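Notes follow the structure.
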Amino acid sequence: MLLRFVRHRGWLPLLALCLLVAGCDLGSGGPAGGGGGPTPIPGTPTPNPALVATGTGSVTLGKTQEYRLGSFSATAVAAATNGLVVAGTPNAIGTTALAYAPFAGGSVKSLLKVTPAPDGTARGILHFAAAGDWAVYEQATALGTSWELGAVQLSTAKAVIIDTATKAGGSALPATAFATDGTDVAWAVPVAGQTNTVLRAFDLTTATPRTLLTIPFGISDVLLANRLLYYRTAAFTNGQNTSTSWLWWLTQPKPQQLDAKAAGNITLNSRYLAWDDANTVTVTLYD
Numbered sequence: 000m001l002l003r004f005v006r007h008r009g010w011l012p013l014l015a016l017c018l019l020v021a022g023c024d025l026g027s028g029g030p031a032g033g034g035g036g037p038t039p040i041p042g043t044p045t046p047n048p049a050l051v052a053t054g055t056g057s058v059t060l061g062k063t064q065e066y067r068l069g070s071f072s073a074t075a076v077a078a079a080t081n082g083l084v085v086a087g088t089p090n091a092i093g094t095t096a097l098a099y100a101p102f103a104g105g106s107v108k109s110l111l112k113v114t115p116a117p118d119g120t121a122r123g124i125l126h127f128a129a130a131g132d133w134a135v136y137e138q139a140t141a142l143g144t145s146w147e148l149g150a151v152q153l154s155t156a157k158a159v160i161i162d163t164a165t166k167a168g169g170s171a172l173p174a175t176a177f178a179t180d181g182t183d184v185a186w187a188v189p190v191a192g193q194t195n196t197v198l199r200a201f202d203l204t205t206a207t208p209r210t211l212l213t214i215p216f217g218i219s220d221v222l223l224a225n226r227l228l229y230y231r232t233a234a235f236t237n238g239q240n241t242s243t244s245w246l247w248w249l250t251q252p253k254p255q256q257l258d259a260k261a262a263g264n265i266t267l268n269s270r271y272l273a274w275d276d277a278n279t280v281t282v283t284l285y286d
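Using numbering that gives the first Met the number 0, read the sequence shown as starting at 0 and increasing by one per residue.
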């Protein structure tokens, strides 16, 4: 298999990714993905001259770089600060390993392979994320009864187990209910046999875990950027959706509730929270 990435000059270090067998074409790509009220994005945004090539309106791309993965069959890719984290499997089907391809070139190196559950049941990587010098992943059995949330440092391949089903009292971990910004990991775990959910954080530098809060309902989204945590509750009262959205600087003792209800697809950076609402056909930018 061939892994190809392309740099964007003067903007994002990585613009587009393509996992392909030899012969696949790389298409053009575009941008992805405290306080104040929601502000609709203007209907006619002003183009940024730095992102537009004169007379064409196309994005200027840098040199394409390729890595040959051999028999490693890739299923997903995430970009970290200095390279790409590739999920896949060697010589088989499924997602059972993580590999790392540095932007500076050189060989693709193995980061980790999944381990079986204590009873010997096979596990796979259900979800992973990359930021800074870290990749965070969840490995679990098909039924989710045995799982581990772990992190691996990209520059050293040093791995650390952050949480497990046993530590969490046997509860299943939702596959999308964790996030990392390369400094911290935040994740939400339902309490087994209860409606409560525990929100936790882990400092990757000091390897220090802490419990942020316990709430009597679910958490449907967890996002993290530059130590700014966003989470959305999943609550219903008398059949009505009473979910709320919160922002929490992890250097502060408590979160702040947003005065707007985020919905749909949500994304976060250190300044903006953005979401689209299919019901109102709007995109909202929260500063």
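Just so it is clear, CB atoms sit at the ideal spot from N, CA and C, and this is done for glycine as well. Only a predicted model underlies this, so the values are computations on that prediction, with no experimental measurement involved.
Identity of the residue in L172, P173, A171, W133 nearest A156 by Cα
W133
**Message:** Tell me the rounded alpha-carbon separation between P252 and R209.
**Reply:** 12 Å
Reference A164, options A116, L203, N195, closest by Cα:
A116
**OP:** Return helix, strand or coil for N240, following the three-state DSSP convention.
**Re:** strand
query: Does the beta-carbon of T207 have 16 or more other beta-carbons within 10 angstroms, so that it is buried, or is it exposed?
result: exposed
Please classify G168 as buried or exposed, where buried requires at least 16 neighbouring CB atoms within 10 angstroms.
exposed
- request: Name the two residues that bound the continuous beta strand (DSSP E) containing L203.
  value: Segment: none, L203 is in no beta strand (DSSP E) and carries neither H nor E.
field: is_contact[W248, chain D] using C-beta, thresh 7 Å
entry: Looking for chain D here will not work: only one protein chain is present.
### Query
T182: which of I218, L249, Q138 sits nearest, CA to CA?
L249
For this session: Compute the Euclidean distance between the alpha carbons of R270 and A79, then round it to the nearest angstrom.
Result: 19 Å
Check your understanding: Between A96 and K112, is the Cβ-Cβ spacing less than 7 Å?
Key -> yes
Round the Cβ separation of R122 and S154 to the nearest angstrom and send it over; I've been treating them as touching at under 8 Å. At roughly 26 Å, the Cβ-Cβ gap does not stay under 8 Å, so R122 and S154 are not in contact.
- Going by DSSP, name the residue or residues bridged to L223. L228
> How long is the line joining the alpha carbons of L148 and N278, rounded to whole angstroms?
Replying inline: 34 Å
- [ ] Quick one: give me the first and last residue of the beta strand (DSSP E) that P189 is part of.
- [x] 183-189
> Cβ of Y136 within 7 Å of Cβ of A100?
Replying inline: no
Next item on the list: With a threshold of 16 other CB atoms inside 10 Å of the CB of D162, please say whether the residue is buried or exposed.
Entry: buried
- Taking the DSSP output, what are the residues bridged to K108? Y99
Next on the checklist: For A290, report the span of its beta strand (DSSP E) as first-last.
Outcome noted: Past the edges of the chain, shown from 0 to 286, lies residue 290, and the structure says nothing about it.
(Q) I'd like the span of the beta strand (DSSP E) that includes T88, first residue to last. (A) 82-89
### Message
Here's a check: name, in chain order, each residue in its chain whose Cβ is nearer than 8 Å to the Cβ of N264, leaving out the five neighbours to either side.
### Response
W274, D275
- Message: I need the boundaries of the beta strand (DSSP E) containing L68, first residue and last residue.
- Response: Careful: L68 lies outside any beta strand (DSSP E) and carries neither H nor E.
task: Using 10 angstroms around the beta-carbon of T283, count the other beta-carbons present and answer buried if the total reaches 16, otherwise exposed.
output: buried
Within the continuous beta strand (DSSP E) that includes V113, where are the two ends?
Element bounds for V113: n/a, residue is neither H nor E.
N-terminal and C-terminal residue of the beta strand (DSSP E) that T283 is part of: 281-285
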